[in-house]
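Numbering (this note's numbering) for the sequence shown: 7 to 262.
Below: the structure, in structure tokens.
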Amino acid sequence: MKGLLHAVYGLLHPVLRQCPVCLREVRGEPAPSPVPVWHPEARMRLDRLCGACATRIPWIWAPMCPVCGRPGRCGDCLRRKLTHFNGVRCAVQYRDEMKGWLADFKYRGAERYAEIMAAMLSGAMERLRADFGGAFDLITAVPLAPGRLEERGFNQAERIAAAVSAWYGIPYRELLKRTRDTDKQSGKARRGRIEDMRGLFAPVEGFAVERQPERSLRILIADDIYTTGSTMNDCARAILQAAPGAEVYGIAWSRT
Ligand SMILES: [Zn+2]
Ligand SMILES: [Zn+2]
7 MKGLLHAVYG LLHPVLRQCP VCLREVRGEP APSPVPVWHP EARMRLDRLC GACATRIPWI
67 WAPMCPVCGR PGRCGDCLRR KLTHFNGVRC AVQYRDEMKG WLADFKYRGA ERYAEIMAAM
127 LSGAMERLRA DFGGAFDLIT AVPLAPGRLE ERGFNQAERI AAAVSAWYGI PYRELLKRTR
187 DTDKQSGKAR RGRIEDMRGL FAPVEGFAVE RQPERSLRIL IADDIYTTGS TMNDCARAIL
247 QAAPGAEVYG IAWSRT
């Protein structure tokens with residue numbers, strides 16, 4: 007009887023989609039949960055989430071730090087002596103649930119997260135565009151160390167940047183490389199991290215960008231996590247070394 011009821015229920019409420027995060031089958035219309043993202047391609051991806059996954063996203067709705075968009079008091083931007091980027095915005099706060107999503111994507115190779123994380127990153131892009139006025143000419147990603155890239159097979163930051171590039175029509179360009187491998191960052195104190203990042207990035211050989219005749223070139227760097235800003239800052243420094251006068255902005259999927 008129960009099986010029959012289930013079958014009848016299934017006929018009346020066809021499966022419309024599978025949640026890309028928990029893989030549960032979701033019946034019925036998507037429950038529209040508010041998202042700070044306007045692009046239809048990105049919204050369509052976010053609409054595929056089940057209600058439970060959608061409501062667990064800790065969106066950054068109200069950035070407070072005008073430089074990096076942190077939703078609270080920001081000692082990192084105050085401490086930084088020289089900021090090379092013009093502004094950064096992050097989509098979500100790096101809480102437990104988000105750690106799990108990123109670990110599934112990065113370490114367990116669950117590539118289905120690429121689009122959903124890119125859709126979230128789009129929120130940071132749109133916020134940045136609104137706060138700093140105007141569009142971006144190029145987008146690039148923070149590169150992985152070559153050894154890391156080999157073991158993982160892909161650069162998660164590049165994957166999500168590529169989707170943002172396609173949706174918003176911002177050409178993707180590989181502009182940066184790492185000058186050396188660093189130790190795993192996770193256990194390091196903030197100050198140690200900042201020291202570690204100096205001169206870690208450099209422009210790629212043959213770095214070429216078309217200058218804009220009437221205004222500065224606006225380059226966007228994408229990353230998965232923003233912690234103290236030292237990675238983003240060193241990437242911006244490296245880009246300015248090859249493209250003096252450019253404006254460099256950053257977007258990150260999450261903010262610790
Ligand atoms: Zn779900
Ligand atoms: Zn800040």
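For every residue, glycine included, the Cβ atom is placed at its ideal position computed from N, Cα and C.
Of the residues the options, the one placed nearest residue i, counting alpha carbons only
{"i": "LYS112", "options": "ARG154, ASP137, PHE138", "result": "ARG154"}
{"i": "LEU144", "options": "LEU182, LEU88, LEU108", "result": "LEU182"}
{"i": "PHE5", "options": "LEU52, ALA163, ALA167", "result": "Since the first residue shown for the chain is 7 and the last is 262, residue 5 is missing from the structure and cannot be characterised."}
{"i": "GLY212", "options": "GLY75, ILE245, SER222, GLY34", "result": "ILE245"}
{"i": "ASP187", "options": "ALA248, GLN218, PRO152", "result": "PRO152"}
{"i": "ALA163", "options": "LEU108, PRO64, SER222, CYS80", "result": "LEU108"}
{"i": "THR233", "options": "TRP65, CYS80, ARG33", "result": "CYS80"}
{"i": "GLY140", "options": "GLU103, ILE176, CYS74", "result": "ILE176"}
{"i": "GLU180", "options": "ASP110, TRP67, PHE207", "result": "PHE207"}
C-alpha distance - residue i paired with residue j, whole-angstrom precision
{"i": "SER128", "j": "LEU11", "result": "42 Å"}
{"i": "GLU47", "j": "ARG118", "result": "15 Å"}
{"i": "GLU31", "j": "ARG101", "result": "25 Å"}
{"i": "TRP259", "j": "ILE231", "result": "6 Å"}
{"i": "THR61", "j": "GLY115", "result": "24 Å"}
{"i": "GLU220", "j": "ALA252", "result": "12 Å"}
{"i": "ALA248", "j": "PRO64", "result": "36 Å"}
{"i": "ASP286", "j": "GLY34", "result": "Because the chain here runs from 7 to 262, residue 286 falls outside it and cannot be looked at."}
{"i": "LEU88", "j": "GLY106", "result": "33 Å"}
{"i": "GLU156", "j": "ARG165", "result": "15 Å"}
{"i": "THR237", "j": "ASN161", "result": "15 Å"}
{"i": "LEU84", "j": "SER39", "result": "35 Å"}
{"i": "PRO250", "j": "ALA172", "result": "26 Å"}
{"i": "GLY159", "j": "VAL73", "result": "33 Å"}
Near ligand 2: residue i beta-carbon under 8 Å from a heavy atom
{"i": "CYS59", "result": "no"}
{"i": "VAL73", "result": "yes"}
{"i": "ASP229", "result": "no"}
{"i": "GLY235", "result": "yes"}
{"i": "CYS83", "result": "yes"}
{"i": "ARG224", "result": "no"}
{"i": "ARG95", "result": "no"}
{"i": "ARG76", "result": "yes"}
{"i": "CYS241", "result": "no"}
Own chain residues within Cβ distance below 7 Å of residue i, not counting five before or after
{"i": "ALA169", "result": "ALA120, GLU121, ALA124"}
{"i": "ARG86", "result": "GLY235, ASN239"}
{"i": "ARG217", "result": "LEU223"}
{"i": "ILE66", "result": "GLY75, PRO77, CYS96, ALA97, VAL98, GLN99, ARG261"}
{"i": "PHE138", "result": "ASN92, GLY93, TYR255"}
{"i": "GLU103", "result": "ARG62"}
{"i": "ASP110", "result": "ALA116, TYR119"}
Proximal residues to residue i (C-beta, below 8 Å), its chain only, five neighbours per side dropped
{"i": "ILE257", "result": "VAL94, ARG95, CYS96, ALA97, LEU127, ALA130, MET131, LEU134, VAL170, LEU226, ILE227, ALA228, ASP229"}
{"i": "ARG49", "result": "VAL41, VAL43, ALA125"}
{"i": "GLY205", "result": "THR185, ASP240"}
{"i": "CYS59", "result": "CYS25, VAL27, CYS28"}
Nearest-angstrom Cβ-Cβ length linking residue i and residue j, presumed shorter than 8 Å
{"i": "CYS28", "j": "CYS56", "result": "6 Å"}
{"i": "ARG243", "j": "HIS45", "result": "Contact doesn't hold; Cβ gap of about 30 Å is too wide."}
{"i": "ARG184", "j": "PRO209", "result": "Contact doesn't hold; Cβ gap of about 12 Å is too wide."}
{"i": "TYR178", "j": "THR146", "result": "7 Å"}
{"i": "GLN99", "j": "PRO77", "result": "7 Å"}
{"i": "ASN92", "j": "VAL254", "result": "6 Å"}
Residue i CB to nearest heavy atom of ligand 1 below 8 Å
{"i": "ARG30", "result": "yes"}
{"i": "VAL27", "result": "yes"}
{"i": "LEU55", "result": "yes"}
Cβ shell of residue i (< 6 Å), same chain only, five flanking positions each side left out
{"i": "ARG54", "result": "ARG23, PRO26"}
{"i": "LEU52", "result": "VAL41, ALA125"}
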